[in-house]
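In our numbering, the protein residues as written are 113 to 202.
Now the structure itself:
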């Protein structure tokens, strides 16, 4: 652990078609305890490549933090439950 930087865990839940596309329904991800924007978290997940980079684009998902829909600049902090839901496409 680095001095002044504490790492915490946020729980991420995937829903609907994301479960099949990503091969999991949930996971825990380390985030700085000071928090990070949802946009940063999505970018980190997309960096895994493959289906992650396709299905987790900003325009293809909606995000909730603790069951409340949020914008991409909202902060994710330790112990938050983050749900990622695919947007409905016509």
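In this text, a Cβ means the ideal position worked out from N, Cα and C, and glycines have one as well.
Is DSSP giving residue 114 helix, strand or coil here? Along the chain shown, read from residue 1 onward, the residue named residue 114 stands at position 2. Caution is warranted here: a pLDDT of 46 is assigned to residue 114, below 50, making its placement in the model unreliable, and the coordinate value is therefore given only provisionally. In the structure shown, residue 114 sits in a strand (DSSP, three-state: E or B).
Per DSSP, residue 180 forms a beta bridge with which residues? Locating residue 180 in the chain shown gives position 68, counting from the first residue. DSSP output for residue 180 lists 177 as bridge partner(s).
Quick one: what's got a C-beta closer than 6 Å to residue 129's C-beta in the same chain, skipping five residues either side? The residue you call residue 129 lines up with position 17 of the chain shown. For residue 129, where only same-chain residues beyond five positions count, the Cβ hits under 6 Å are 198.
Any 3 or more C-beta pairs closer than 8 Å across the stretch 150–164 and the stretch 174–185: yes
Going by alpha carbons, who is nearest to residue 121 out of 127, 189 and 163? As a working mapping, residue 121 is identified with position 9 in the chain shown. Among 127, 189 and 163, the Cα nearest to that of residue 121 belongs to 189.
Go through its chain and collect everything with a Cβ distance to residue 163's Cβ below 7 Å, but skip five positions before and after it. Taking the chain shown and counting its residues from 1, the one referred to as residue 163 is at position 51. Around residue 163: 133 and 134.
Contact check, residue 119 vs residue 142, beta carbons under 7 Å: Taking the chain shown and counting its residues from 1, the one referred to as residue 119 is at position 7. Taking the chain shown and counting its residues from 1, the one referred to as residue 142 is at position 30. Closer than 7 Å, so yes.
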